[in-house]
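Here's the structure we're looking at; comments come further down.
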Amino acid sequence: MAAMASHQSIASLHSHGCIGSSTLHQECGNVSMKLMRRGFKLEIEPTKREGYCSRKRSCGSIQASSSSLQNSASSPILTPLTGTKSDPSKKSSEAALILIRHGESLWNEKNLFTGCVDVPLTKKGVEEAVEAGKMISNIPIDMIYTSSLIRAQMTAMLAMTQHRRKKVPIVMHDENEQAKAWSQIFSEETKKQCIPVVTAWQLNERMYGELQGLNKQETADKYGKEQVHEWRRSYDIPPPNGESLEMCAERAVPYFKDQIEPQLQEGKNVMIAAHGNSLRSIIMYLDKLTSQEVISLELSTGIPMLYIVKEEKYIRRGSLAAPTEAGVYAYTKNLAKYRQKLDEMLH
Amino acid sequence: MAATTFNGSVATIKTHGYIGNSALHQDFGNSSLQFSTKGFKIDLGLSGKKHWSRKRGSCLIQASFYQATTVSDEVSTPDSIKVEPIKKSKEAALILIRHGESLWNEKNLFTGCVDVPLTRKGVEEAIEAGKRISNIPVDMIYTSALIRAQMTAMLAMTQHRRKKVPTVLHNESEQAESWSQNFSQETEKQCIPVVTAWQLNERMYGELQGLNKQETADKYGKEQVHEWRRSYDIPPPNGESLEMCAERAVAYFKEHIEPQLQAGKNVMIAAHGNSLRSIIMYLDKLTSQEVISLELSTGIPMLYIVKEEKYIRRGSPAAPSEASVYAYTKNLARYRQKLDEMVH
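If you read the sequences in order, they're chains A and R.
Sequential numbering from 1 applies to the first sequence in the UniProt record's numbering.
Sequential numbering from 1 applies to the second sequence in the UniProt record's numbering.
Printed below as a string of structure tokens:
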């Protein structure tokens with residue numbers, strides 16, 4: 001039972017750990033991570049689209065694993081243990097981390113290598129962003145990070161048009177003194193209702209060098225299919241004058257550690273709207289993946305991935321179902337309280 | 001007859017001038033511009049909204065546009081004018097779009113240069129604007145440095161029929177420039193460069209930014225606030241007056257955008273109420289008195305035809321669902337036909 005459950009999301013593992021398997025329970029901290037690496041299914045697909053499995057293993061259905069989570073719905077491990085006499089001042093903060101990969105861009109549609117060329121979303125990409133927003137409309141957000149490319153920024157802003165809390169995202173400007181001075185807000189009340197949006201080139205898509213703008217088929221004809229496949233799917237081989245995935249990770253992960261992690265440690269809920277490779281790099285760090293594992297990692301576009309951050313641990317909670325879907329998404333106690341507050345808000 | 005159409009759009013005047021009224025015809029170059037300054041109607045409200053800059057009677061939009069077809073013949077095929085073949089006059093389209101509702105508009109807060117995004121309604125307005133211009137050629141796009149204008153431009157372009165791809169240019173640093181390079185000639189030809197410029201930003205509102213409009217009126221007094229908002233040259237504390245906004249917006253237009261238009265490039269500018277008013281003030285040679293009572297509707301594109309260094313206001317192209325008549329110049333009509341023929 002435990003072995004089968006190992007293929008499913010970590011949430012199930014926790015519940016089984018809680019219920020009674022003593023070996024699992026004791027090494028809960030380590031084992032869950034290992035099992036996650038081997039048996040994770042990154043896209044937990046309540047939608048009709050095919051799920052991606054990073055390994056060719058059978059995947060458990062989301063309903064099953066979520067419902068087993070539902071059994072221990074309060075998820076005792078994730079909420080403060082009443083039995084522990086902890087110092088009241090050292091209240092462990094729990095924070096939500098949402099990762100969203102932007103949807104279809106105009107060059108995706110044309111099958112061109114995009115990289116860091118600043119191409120906007122298609123109509124479909126716009127819809128994907130709005131749908132993603134509906135999925136996170138009940139998750140608290142205190143800060144937003146995006147790349148410096150318009151497709152990620154639009155994704156974030158479109159998603160936020162669906163948010164129930166009605167705090168206002170405000171893009172931060174510090175490119176020069178004037179930009180900073182001109183964008184100042186002079187009302188404390190208004191500032192409290194703001195969600196700062198930070199744009200960072202470090203979260204940009206992997207720079208694709210001399211392949212940027214080229215047609216994928218033509219490039220395969222020109223350089224050979226194997227060479228192109230190597231550039232696209234290896235960990236450390238960059239295309240001519242471009243970045244390898246390793247190089248992309250080298251600037252995305254430090255940015256995450258320096259700028260975003262401290263916010264999460266403070267209990268701030270963060271959303272990151274970025275790109276396939278910059279998000280893969282971050283997930284590699286969050287889930288402690290090997291380079292072998294990360295290169296076969298696929299992140300669906302427009303489906304938000306949620307992590308709960310607690311005591312410096314990143315606990316993947318999977319992807320969020322659309323409001324119309326009959327899946328079960330179990331909230332932590334804090335998230336449930338937040339949602340209730342939203343429901344009670346006169347709006 | 002000429003007197004009553006005086007109050008209508010420029011196009012109407014030209015038609016009458018062309019048909020036979022010799023006095024008008026002779027001063028053709030000047031008169032049309034003069035008339036436009038006195039009798040302009042900036043928001044040609046095809047969608048049902050109508051804003052008037054002056055309290056004058058207005059002509060039916062249908063009538064004035066319909067008659068404009070005769071003008072376009074003159075504009076694009078100068079048979080009656082003996083022009084040297086080498087000096088082929090280029091005609092370019094200039095589209096101005098004011099972004100739609102932002103999250104602070106909704107909350108009735110002074111926004112200025114605070115970078116606040118669009119609401120759902122603002123998103124829809126942008127898409128609707130896009131439908132109206134889906135048949136007008138666009139070669140270059142200029143927006144401000146604020147996300148609400150940039151989103152408006154990109155959302156509008158999702159509706160464009162030509163399928164050229166807007167690409168935002170980056171020159172904030174060496175790295176940004178080199179990283180965003182496009183390595184395919186073929187692809188570059190299919191690109192519409194998008195230039196972001198702070199000079200096209202909304203008027204900076206200084207210490208009023210973020211304040212509630214009602215609270216500010218209570219605090220400073222209604223008259224003072226009205227003066228800051230509606231005067232030409234009185235800025236709010238540490239902010240810009242409309243005059244100051246115009247200084248940097250028009251200078252940018254003349255230096256960067258005008259040369260593109262003169263070279264025959266079709267340009268779209270997605271920006272803000274005050275920066276666009278400033279530009280229209282320059283295009284239509286308005287006085288400061290006229291510009292302060294100028295209102296530009298949100299999300300309704302305003303089209304100008306640029307020809308021989310003249311800016312001819314053509315009003316707003318119709319939405320696909322509207323039962324009105326929008327007359328194209330010959331070039332615009334040819335472009336549209338090309339789009340219709342394109343296998344897509």
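Where a beta carbon is used, it is the ideal one built from N, C-alpha and C, also for glycine.
Remember, it's a predicted structure, so these values are computed and weren't measured experimentally.
Check                                                                                                              : Outcome
Chain-ordered neighbours of Pro169(A) on chain R, where CB pairs are closer than 7 Å                               : Pro117
Residue-chain proximity (Arg162(R), chain B), Cβ-Cβ < 9 Å                                                          : As a matter of chain content, chain B is missing from the structure shown, whose protein chains are A and R.
C-beta neighbour in chain A for Gln175(R), strict 9 Å                                                              : yes
Start-to-end residues for the beta strand (DSSP E) that takes in Pro262(A)                                         : Note, Pro262(A): premise wrong, no beta strand (DSSP E); alpha helix (DSSP H) at Glu261 to Gln265.
Neighbour-count burial assignment, His170(R), 16 or more Cβ in a 10 Å radius                                       : buried
Neighbour list for Glu210(A) in chain R, Cβ cutoff strictly below 7 Å                                              : Phe183
Span of the alpha helix (DSSP H), counted from its first residue to its last, around Cys245(R)                     : Leu242 to Tyr252
Asp118(A) (DSSP reduced to helix, strand or coil)                                                                  : strand
Environment of Asp236(A) [buried if 16+ CB atoms lie within 10 Å]                                                  : exposed
Contacts that His170(R) makes with chain A (C-beta to C-beta distance below 8 Å)                                   : Asp118 and Ser148
Backbone secondary structure at Asn238(R) - three-state DSSP                                                       : coil
Residue from Asn274(R), Glu125(R), Leu200(R) and Ala145(R) with nearest C-alpha to Leu155(R)                       : Glu125(R)
Own chain partners of Asn138(A) with C-beta closer than 8 Å, once the 5 adjacent residues on each side are dropped : Arg164, Leu335, Tyr338, Arg339 and Leu342
Glu311(A), DSSP secondary structure in three states                                                                : coil
Chain A contact for Lys107(R) (CB, 9 Å cutoff)                                                                     : yes
Chain-ordered neighbours of Ile147(R) on chain A, where CB pairs are closer than 7 Å                               : Gln153, Met157 and Val171
Within-9 Å CB hit, Leu342(A) to chain R                                                                            : no
The stretch 223–248 of chain R: positions lying closer than 7 Å to chain A by Cβ                                   : none
Proximal chain A residues relative to Met154(R), where beta-carbon distance stays under 8 Å                        : Pro120, Leu121, Ile150 and Met154
Beta-carbon separation (whole angstroms), Thr146(A) vs Ala132(A), contact threshold 8 Å                            : Not quite, the Cβ-Cβ distance comes to about 13 Å (not below 8 Å), so this is no contact.
Candidates Met281(R), Lys164(R) and Tyr220(R): closest to Ile136(R) by CA position                                 : Lys164(R)
Opening and closing residue of the alpha helix (DSSP H) in which Tyr255(A) lies                                    : Leu245 to Tyr255
Reduced DSSP secondary structure (H/G/I, E/B, other) of Asn204(A)                                                  : coil
Cutoff 9 Å: residue 357(A) Cβ touching any chain R Cβ                                                              : Here chain A comprises residues numbered 1 to 347, so residue 357(A) is not present and cannot be evaluated.
Alpha-carbon to alpha-carbon, Gln260(R) and Phe253(R)                                                              : 10 Å
Proximity test, Cβ basis, 9 Å: Glu186(R) and chain A                                                               : yes
Per-residue burial, Thr332(A) [other beta carbons within 10 Å of its own, 16 or more giving buried]                : buried
Minimum Cβ-Cβ distance from Met204(R) to chain A less than 9 Å                                                     : yes
Reduced DSSP category for Val165(R) - H, G, I as helix; E, B as strand; rest coil                                  : strand
Helix, strand or coil at Thr301(A) [DSSP, three-state]                                                             : coil
Contact the stretch 231–239 of chain R vs the stretch 296–306 of chain R: 3+ CB pairs below 8 Å                    : no
Candidates Val228(A), Met172(A) and Asp287(A), of which the one nearest Ala145(R) by Cα                            : Met172(A)
Pro301(R) vs Arg132(R) beta-carbon contact at 9 Å                                                                  : yes
Gln289(R) burial status per 10 Å Cβ neighbour count (16 or more: buried)                                           : exposed
Straight-line Cα distance separating Ser281(A) from Thr290(A)                                                      : 11 Å
Thr161(A) (DSSP reduced to helix, strand or coil)                                                                  : coil
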